[in-house]
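Residue numbers (the UniProt record's numbering): 1 to 282.
Note that the Cβ used here is the ideal one computed from N, Cα and C, for glycine as well.
Data block below; observations after.
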Amino acid sequence: MILVTGAGGNLGSATLAALHARGVPATGGSRSPGPGMRRLDFDDPAGLDLTGVSTLVLVSAGYAEDDLVVARHAAALAAAVRDGVRHVVYTSLTTAGDHLGFALAHRATERLVRESGLSWTILRNGLYAELFGGLLTWSGDGLESAFGDGALAAVARADLAEVAALVAADPAAHRGRVHDLVGPPVTAGLVADRLGVPHRTVGLGEYRRRLLEETPGLLPFQPPMLASIATGVRHGFLDGADPALTDLLGRPARDPLAVAAAAASATRPATTRPATGLRPRP
Ligand SMILES: NC(=O)c1ccc[n+]([C@@H]2O[C@H](COP(=O)([O-])OP(=O)(O)OC[C@H]3O[C@@H](n4cnc5c(N)ncnc54)[C@H](OP(=O)(O)O)[C@@H]3O)[C@@H](O)[C@H]2O)c1
């Protein structure tokens, strides 16, 4: 049986849905399991039960400091080895993201995966188009970001889920493989153009100040993490192409510009929306 962890999250639920859409039997694990799913909380290693699972899709459990994230993944892998899982598919971070603030936890987990003795596939996921669009902020009549003219090889989350599903459905074909999954380049300016508004670039210092002083709810590790994404994009370290995504999908990638524009549009304050009859360009 295939089990997808993090099935309550966006990538995990989409991966499970993609498996089901292919007619592949699979279940999910989550801290808040839905019907038919298993309760899986990597912060509760004693409670992890992966018996009967042959292929584990280990969706990274981020949003914490490195030590906690790596400990979560180590617990999941230890349970997988103990309970007889044969193949693990780990959703990691694109190679170009090596310098990002959260890369270390992914690379440390990749080491654990390789050393686990399990058969494995590593999916080095590019940054989500949804994330890129969501990081653009509305100000006055337009969008602001610290991305400058830099481009991101962004990927629609649904494409990453589809690749995870097709790999999990045929693990032998992807054994010992590292797939770098990035999409076509997108810039903040292109997103703004798509929405018919201007884009203004702010400096990295101002961006970090806003994160630290004006963004409630961020955890301590998040401002440096987000600033690392901004400088990486701005200085052209995250725009490289790789054919793996489209090769694996067997079709063009979903348009990351449309996905990023939808994400940016979703955070648009009502006061800046165009009046009736003035719709943004499609
Ligand atoms: N490539 C990118 O641009 C990007 C952007 C953001 C995050 N990420 C990484 O990719 C992962 C999936 O992205 P997403 O969009 O699906 O994020 P999401 O919707 O925020 O979901 C977070 C995921 O983390 C799991 N998780 C958190 N704590 C956990 C724990 N203690 N034990 C087990 N699972 C735990 C959650 O599982 P349950 O809620 O089901 O328990 C959920 O699947 C994230 O967790 C993060 O590591 C990548």
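Cα-Cα separation, A192 to E213: 25 Å
Where do the ends of the beta strand (DSSP E) carrying A153 lie? A151 to A153
Does the distance from the C-beta atom of V4 to that of A26 stay below 8 Å? yes
Counting pairs of beta carbons, one from the segment 104-113 and one from the segment 133-142, are three or more of them closer than 8 Å? no
Whole angstroms is fine: what's the gap from A169's alpha carbon to T267's? 36 Å
Option nearest D149 by Cα separation, candidates I2, G203 and R175: G203
How many Å lie between G277 and A96 at the Cα? Per-residue confidence for G277 stands at a pLDDT of 41, beneath the threshold of 50, marking its modelled position as unreliable; the derived number appears in the next sentence. Straight-line Cα distance between these residues: approximately 42 Å.
Going by CA-CA distance only, name the one from S60, A244 and F237 that's closest to N10. S60
Does DSSP put D193 in a helix, in a strand, or in coil? helix
Under three-state DSSP, which class holds R22? coil
Could you check what DSSP says for L48 in three-state terms: helix, strand or coil? coil
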